[in-house]
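K.L.:
There are 2 protein chains.
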Amino acid sequence: MTSLATTQRSLADHAVRHPLWPPLTAGCPVTSTDEVAYPLEVDYAYDRVPADLFSARDLTAPRGLERWAPLLPPLAAPGLGEGGTPLVRLSDGVYVKDESRNPTWSHKDRLNRVAVSAAVASGARGIVASSSGNHGASAAAYAARAGLPCVLFVSPYAPPAVASFLRAYGAAVLTVPLEAVRPLMRRTVTELGYQAVSSMTETAHTGHPFGPEGYKTIAYEIFAELGRMPAAVYLPTGYGELLFGVTKGFTELVKLGHAGSVPRMYACEPAAAGALAEAMRTGRHAAQVPVGPTDAYAIDCAVGSYRGVVALEASDGAALTVTDAQMAAARDELASQGLWFELSSAAGLAGLRAHGPADAEGPVVCVATSSGFKDIATASPDTAYGPMPGDWDTVLAAVEKAGGLPG
Amino acid sequence: MTSLATTQRSLADHAVRHPLWPPLTAGCPVTSTDEVAYPLEVDYAYDRVPADLFSARDLTAPRGLERWAPLLPPLAAPGLGEGGTPLVRLSDGVYVKDESRNPTWSHKDRLNRVAVSAAVASGARGIVASSSGNHGASAAAYAARAGLPCVLFVSPYAPPAVASFLRAYGAAVLTVPLEAVRPLMRRTVTELGYQAVSSMTETAHTGHPFGPEGYKTIAYEIFAELGRMPAAVYLPTGYGELLFGVTKGFTELVKLGHAGSVPRMYACEPAAAGALAEAMRTGRHAAQVPVGPTDAYAIDCAVGSYRGVVALEASDGAALTVTDAQMAAARDELASQGLWFELSSAAGLAGLRAHGPADAEGPVVCVATSSGFKDIATASPDTAYGPMPGDWDTVLAAVEKAGGLPG
Numbered sequence: 001m002t003s004l005a006t007t008q009r010s011l012a013d014h015a016v017r018h019p020l021w022p023p024l025t026a027g028c029p030v031t032s033t034d035e036v037a038y039p040l041e042v043d044y045a046y047d048r049v050p051a052d053l054f055s056a057r058d059l060t061a062p063r064g065l066e067r068w069a070p071l072l073p074p075l076a077a078p079g080l081g082e083g084g085t086p087l088v089r090l091s092d093g094v095y096v097k098d099e100s101r102n103p104t105w106s107h108k109d110r111l112n113r114v115a116v117s118a119a120v121a122s123g124a125r126g127i128v129a130s131s132s133g134n135h136g137a138s139a140a141a142y143a144a145r146a147g148l149p150c151v152l153f154v155s156p157y158a159p160p161a162v163a164s165f166l167r168a169y170g171a172a173v174l175t176v177p178l179e180a181v182r183p184l185m186r187r188t189v190t191e192l193g194y195q196a197v198s199s200m201t202e203t204a205h206t207g208h209p210f211g212p213e214g215y216k217t218i219a220y221e222i223f224a225e226l227g228r229m230p231a232a233v234y235l236p237t238g239y240g241e242l243l244f245g246v247t248k249g250f251t252e253l254v255k256l257g258h259a260g261s262v263p264r265m266y267a268c269e270p271a272a273a274g275a276l277a278e279a280m281r282t283g284r285h286a287a288q289v290p291v292g293p294t295d296a297y298a299i300d301c302a303v304g305s306y307r308g309v310v311a312l313e314a315s316d317g318a319a320l321t322v323t324d325a326q327m328a329a330a331r332d333e334l335a336s337q338g339l340w341f342e343l344s345s346a347a348g349l350a351g352l353r354a355h356g357p358a359d360a361e362g363p364v365v366c367v368a369t370s371s372g373f374k375d376i377a378t379a380s381p382d383t384a385y386g387p388m389p390g391d392w393d394t395v396l397a398a399v400e401k402a403g404g405l406p407g
Numbered sequence: 001m002t003s004l005a006t007t008q009r010s011l012a013d014h015a016v017r018h019p020l021w022p023p024l025t026a027g028c029p030v031t032s033t034d035e036v037a038y039p040l041e042v043d044y045a046y047d048r049v050p051a052d053l054f055s056a057r058d059l060t061a062p063r064g065l066e067r068w069a070p071l072l073p074p075l076a077a078p079g080l081g082e083g084g085t086p087l088v089r090l091s092d093g094v095y096v097k098d099e100s101r102n103p104t105w106s107h108k109d110r111l112n113r114v115a116v117s118a119a120v121a122s123g124a125r126g127i128v129a130s131s132s133g134n135h136g137a138s139a140a141a142y143a144a145r146a147g148l149p150c151v152l153f154v155s156p157y158a159p160p161a162v163a164s165f166l167r168a169y170g171a172a173v174l175t176v177p178l179e180a181v182r183p184l185m186r187r188t189v190t191e192l193g194y195q196a197v198s199s200m201t202e203t204a205h206t207g208h209p210f211g212p213e214g215y216k217t218i219a220y221e222i223f224a225e226l227g228r229m230p231a232a233v234y235l236p237t238g239y240g241e242l243l244f245g246v247t248k249g250f251t252e253l254v255k256l257g258h259a260g261s262v263p264r265m266y267a268c269e270p271a272a273a274g275a276l277a278e279a280m281r282t283g284r285h286a287a288q289v290p291v292g293p294t295d296a297y298a299i300d301c302a303v304g305s306y307r308g309v310v311a312l313e314a315s316d317g318a319a320l321t322v323t324d325a326q327m328a329a330a331r332d333e334l335a336s337q338g339l340w341f342e343l344s345s346a347a348g349l350a351g352l353r354a355h356g357p358a359d360a361e362g363p364v365v366c367v368a369t370s371s372g373f374k375d376i377a378t379a380s381p382d383t384a385y386g387p388m389p390g391d392w393d394t395v396l397a398a399v400e401k402a403g404g405l406p407g
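Residue numbers (full-length UniProt numbering), protein chains in the order written: chain A, 1 to 407; chain B, 1 to 407.
#1: Looking only at DSSP bridge pairs, what is A:Ser-106 linked to?
#2: Let me make sure I understand the geometry here. Which of B:Thr-282, B:Asn-102, B:Val-189 has the alpha-carbon closest to that of B:Phe-371?
#3: Where does A:Met-200 sit, in a helix, a strand or coil, going by DSSP?
#4: Are the CB atoms of A:Arg-110 and A:Glu-82 nearer to each other than 8 Å?
#5: Report the three-state DSSP secondary structure of B:Thr-175 (helix, strand or coil).
#6: On the CB-based measure, 16 or more other CB atoms within 10 Å of its CB, does A:Ala-146 come out buried or exposed?
#7: Just list the beta strand (DSSP E) runs in the region 82-127 of chain B, keeping only unbroken ones of 3 residues or longer that don't cross its boundaries, in chain order.
#8: Can you tell me whether A:Asp-295 is helix, strand or coil according to DSSP?
#9: Output needed in chain order: residues of the region 113-141 of chain B with a Cβ under 7 Å from some Cβ in chain A.
#10: B:Ala-77: which of A:Ala-379, A:Gly-338, A:Asp-391 sits nearest, CA to CA?
#11: Go to B:Asp-300, then tell me how far its alpha helix (DSSP H) extends in each direction, as first and last residue.
#12: Flag this pair as touching only if the region 118-125 of chain B and the region 333-348 of chain B have three or more C-beta atom pairs under 8 Å; answer yes or no.
#13: Does any CB atom of chain B fall closer than 8 Å to the CB of A:Ala-329?
#14: Under a three-way DSSP split, which group does B:Glu-313 fall into?
#15: List the residues of chain B that residue 410 of chain A touches, going by C-beta distances under 8 Å, in chain order.
#16: In whole angstroms, give me the CA-to-CA distance for B:Ala-277 and B:Glu-269.
#17: For the region 252-264 of chain A against the region 296-309 of chain A, are there 3 or more C-beta pairs whose distance is under 8 Å?
#18: Alpha carbon to alpha carbon, how far is A:Arg-331 from A:Ala-314?
#19: Would B:Arg-110 pass as an interface residue toward chain A - the criterion being a Cβ-Cβ separation below 8 Å?
#20: Could you list the residues in the region 64-76 of chain A with a C-beta less than 8 Å from some C-beta on chain B, going in chain order?
#21: Tell me whether the beta-carbon of B:Thr-85 lies closer than 8 Å to the beta-carbon of B:Ser-138.
#22: According to a CB-to-CB cut-off of less than 8 Å, which residues of the region 383-401 of chain A neighbour chain B?
#23: Quick check on this structure: which residue in A:Ala-379, A:Asp-13, A:His-18, A:Tyr-95 has the alpha carbon closest to the alpha carbon of A:Leu-235?
#24: Is any beta-carbon of chain B found at less than 8 Å from that of A:Ser-336?
#25: Pick out whichever of B:Ala-172, B:Gly-348, B:Val-49, B:Tyr-169 has its Cα sitting closest to the Cα of B:Val-365.
#26: Residues bridged to B:Gln-8 by DSSP?
#27: On the criterion of 16 or more Cβ atoms from any shown chain inside 10 Å, does B:Gly-27 qualify as buried, or is it exposed?
#28: Alpha carbon to alpha carbon, how far is A:Phe-165 from A:Thr-378?
#29: Does the Cβ of A:Thr-237 have 16 or more other Cβ atoms within 10 Å, making it buried, or fewer, making it exposed?
#30: Which two residues bound the contiguous beta strand (DSSP E) that contains B:Ala-232?
#31: Around the C-beta of A:His-205, are 16 or more other C-beta atoms found within 10 angstroms, so that it is buried, or is it exposed?
#32: Ignore the nearest five residues each way along the sequence and tell me which others in A:Val-36's own chain have a CB closer than 6 Å to its CB.
#33: Should the region 127-136 of chain B be called in touch with the region 146-164 of chain B, which here means at least 3 C-beta pairs below 8 Å?
#34: Could you compute how far the alpha carbon of A:Trp-392 sits from the alpha carbon of B:Leu-184?
#35: Once DSSP output is grouped into helix, strand and coil, what is the label at A:Ser-131?
#36: Closer than 6 Å by C-beta to B:Ala-350: which residues in its own chain qualify, once you throw out the five before and the five after it? Chain order, please.
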């Protein structure tokens with residue numbers, strides 16, 4: 001089944017439509033103002049969606065993103081088996097959507113399959129992105145898979161394992177000063193013919209108009225696996241692309257008649273930043289905030305996006321902020337149940353534990369975005385250890401410290 | 001559907017049978033000799049396997065290991081969504097079974113779901129393992145998930161990201177000298193009531209008798225996804241548990257009448273070790289070899305197992321060895337197609353590229369075991385980078401070096 005995508009439309013005014021091609025990667029040229037750049041989204045011929053798209057089908061049907069091809073832009077770039085991640089049930093019944101089970105071990109693969117597909121379909125000569133880690137490596141992987149060169153603008157201070165990750169797929173990796181990044185991205189687009197798969201706008205985040213469509217598949221998978229809508233979903237939130245995409249997926253399920261209402265969506269931002277919380281508090285469409293110290297480097301964004309506001313309004317949701325200590329507690333709780341995530345990835349569970357209702361009427365899902373290998377503490381020198389003596393007392397002391405002596 | 005497991009039997013003599021419980025974790029007490037310790041395997045009531053187990057079923061059926069419960073020992077420990085990994089097709093048509101898509105990002109999760117289940121079902125007080133990385137972290141994750149304490153004996157010289165990984169799940173991590181490991185493991189078993197999920201024998205590897213059963217599911221998944229048997233399978237090989245398990249899975253498919261013959265199985269060991277190649281060359285049931293320098297630390301084993309010999313004989317396969325340079329070339333080839341694996345994980349593709357027939361009559365599958373985050377070079381200080389100047393010439397130079405300038 002091929003894509004039913006029809007047009008791009010402005011989030012600021014749904015009446016403002018643009019053709020599907022080329023992807024408008026710098027926000028809506030009609031509705032954006034000096035104050036707020038407005039993202040575009042993709043619209044579809046919803047009346048032509050197959051009625052059985054969300055019902056059970058046999059195991060020989062396409063898996064991952066291909067399963068949802070009618071409700072995605074054309075998947076012109078080859079995939080790596082992204083999507084189809086498990087819902088793992090914690091001991092108290094909360095579900096964790098484990099997005100570390102994607103091809104580059106984060107949710108970003110869903111976005112990049114779609115955004116790199118857009119680049120391939122529109123004849124781009126390469127891919128350019130700026131990223132603190134997961135997004136850049138994922139973009140590089142999908143570019144490599146599609147046979148396109150890739151330029152990444154990254155922080156020179158990435159955690160050591162993440163630095164290796166960003167360079168793994170053969171991209172040109174650049175650690176220029178932050179203020180030079182967007183001008184150089186734009187030049188890479190205009191002079192080299194590359195397509196940007198992260199935001200080129202300064203005053204508010206817009207990003208690739210097709211990218212968040214990939215995140216809709218998280219909502220589809222949750223609905224298909226639970227057999228119903230969850231009551232609430234908690235997500236780590238930086239620029240709000242994940243939040244927007246997942247919310248849009250649930251909204252489409254309602255629009256298509258498969259469920260009665262959208263789950264409450266909770267955006268979980270680091271307390272050290274919180275651009276969406278600030279926008280909601282002040283009634284603006286997007287906000288800029290100072291960023292304080294935090295180890296949640298994947299989501300400590302200084303600018304927000306109108307996408308986040310749209311998602312929270314559509315779902316009667318809320319913007320929550322969580323401290324590093326709350327995220328660390330959530331990360332440790334997940335590890336104690338066999339799931340190792342990076343600090344930012346635990347923001348969803350942290351939001352639930354710090355602010356969540358104990359009495360949600362239905363399943364509660366926390367989206368966990370990326371593996372512990374990307375944590376800022378991973379592979380730092382103080383996590384190394386030296387040799388220990390080989391006697392039984394050493395074993396007993398270590399076992400006792402870990403709480404493993406029989407009672 | 002519940003498990004159809006019936007007994008444990010010796011690989012050395014199938015007539016030598018033991019009850020299914022308790023798991024005999026130190027090899028067969030009847031058939032083992034001073035020269036070779038023989039592993040046990042699990043037997044099943046094959047005449048009671050449902051006829052439709054391997055045919056397509058709807059998407060609401062159990063996923064991952066649960067799908068194959070009749071042909072596994074009882075899955076008494078809770079899972080983390082292991083298994084169900086994708087087959088990714090390289091540009092030349094070779095398939096890569098991407099085992100980095102498991103809960104702790106390696107194939108070991110299939111083994112540990114089964115082995116920790118055996119520990120839970122037999123009333124163990126904890127889990128003990130020795131490991132260079134993936135196996136230990138996976139054992140710790142499944143122990144945590146099951147609420148059991150875990151003791152890991154690991155190298156003090158693990159790569160820095162792997163050191164963080166081994167400690168992530170709350171296990172007691174011990175870096176005692178190598179010669180002290182097995183005596184201390186045995187004492188942990190006898191004095192603390194823990195169950196060993198890695199080998200306790202010195203003269204040949206035996207390991208947990210239930211563990212390799214988990215690897216059978218790789219064969220089942222490949223068969224179900226391709227809709228036929230592959231012609232050949234290339235696997236990274238250390239102690240041969242993966243090789244044995246996958247081969248057993250294919251053998252069962254033939255036994256159950258779903259296919260005519262078992263694929264040729266190719267064991268790919270580092271040239272710096274190669275215990276299985278040595279056993280095959282000398283006609284022995286297991287060999288010990290000196291281990292030379294290699295970065296393939298996940299599979300540089302000094303002792304082999306009779307499991308490997310059994311698997312190669314059952315499949316008319318062969319033991320291949322690959323150099324670090326051949327593994328590095330295979331790792332780079334995979335990364336250039338969007339797949340980042342650790343060096344050891346690329347041994348399968350390296351074996352195919354170095355020794356494989358170009359004319360296999362049917363699909364060829366390489367099993368790739370674990371993510372690039374575990375590579376010995378990952379997060380090493382020489383992979384770090386500093387700031388760069390923010391001018392266009394810096395971008396152009398980097399793009400040119402990466403081969404990304406439009407021609």
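Even for Gly, the Cβ is constructed at its ideal location relative to N, Cα and C. Values in this document were obtained by computation on a predicted structure and should not be read as measured data.
P.N.:
With the structure as the only source:
#1: Bridge partners of A:Ser-106: A:Ser-370.
#2: For the record, residue 371 of chain B in the displayed sequence is Ser; it is not Phe. A check of alpha carbon separations from B:Ser-371 across B:Thr-282, B:Asn-102, B:Val-189 identifies B:Asn-102 as the nearest.
#3: The answer is coil: DSSP assigns A:Met-200 none of H, G, I, E or B.
#4: Annotated as proximal: A:Arg-110 and A:Glu-82, with beta-carbon spacing under 8 Å.
#5: B:Thr-175 falls in the coil class under three-state DSSP.
#6: Residue burial is scored here from C-beta neighbours: A:Ala-146 has at least 16 other C-beta atoms within 10 angstroms and is therefore classed as buried.
#7: The DSSP assignment places 87-89, 95-98 as complete runs of the beta strand (DSSP E) inside the region 82-127 of chain B, in order along the chain (cut-off: 3 residues).
#8: DSSP, read as helix, strand or coil, puts A:Asp-295 in coil.
#9: Of all residues in the region 113-141 of chain B, the ones placed with a Cβ closer than 7 Å to any Cβ belonging to chain A are Arg-125, Gly-126, Ala-141, in chain order.
#10: In terms of Cα proximity to B:Ala-77, the closest of A:Ala-379, A:Gly-338, A:Asp-391 is A:Gly-338.
#11: If you look at B:Asp-300, you'll find it isn't in any alpha helix (DSSP H); DSSP assigns it neither H nor E.
#12: Output reads no: the region 333-348 of chain B does not touch the region 118-125 of chain B.
#13: No, no contact with chain B.
#14: Of the three classes helix, strand and coil, the one that applies to B:Glu-313 here is helix, per DSSP.
#15: Limits of chain A in this structure are 1 at one end and 407 at the other, which puts residue 410 of chain A out of reach.
#16: Straight-line Cα distance between these residues: approximately 8 Å.
#17: No, the region 252-264 of chain A does not touch the region 296-309 of chain A.
#18: Linking A:Arg-331 to A:Ala-314 through their CA atoms gives a straight-line distance of about 29 Å.
#19: No, its Cβ sits nowhere closer than 8 Å to a Cβ of chain A.
#20: Flagged, chain order: Gly-64.
#21: The answer is no: Cβ separation not under 8 Å.
#22: The region 383-401 of chain A vs chain B, Cβ under 8 Å: Thr-383, Ala-384, Tyr-385, Gly-386, Pro-387, Met-388, Pro-389, Gly-390, Asp-391, Trp-392, Thr-394, Val-395, Ala-398, Val-399, Lys-401.
#23: Taking only the C-alpha atoms, the option nearest A:Leu-235 is A:Tyr-95.
#24: Yes, A:Ser-336 lies at the interface with chain B (some Cβ there is under 8 Å from its Cβ).
#25: Of B:Ala-172, B:Gly-348, B:Val-49, B:Tyr-169, the smallest CA-CA separation from B:Val-365 is found for B:Gly-348.
#26: Paired residues: B:His-18, B:Val-42.
#27: Label assigned to B:Gly-27: buried.
#28: In a straight line, the C-alpha of A:Phe-165 is about 13 Å away from that of A:Thr-378.
#29: Burial check for A:Thr-237: the Cβ neighbour count within 10 Å reaches 16 or more, so the residue is buried.
#30: Counting along the chain, the beta strand (DSSP E) containing B:Ala-232 begins and ends at 232-236.
#31: By the neighbour-count rule (16 or more Cβ atoms within 10 Å), A:His-205 is buried.
#32: Excluding positions up to five away in sequence, the list reads Ala-204, His-285, Ala-286.
#33: Short answer: they touch.
#34: Answer to the nearest angstrom: the Cα atoms are 7 Å apart.
#35: Looking at A:Ser-131 - three-state DSSP - the assignment turns out to be strand.
#36: Counting only Cβ-Cβ distances below 6 Å, and skipping sequence neighbours, we find Val-322, Gln-326, Met-327, Ala-330.
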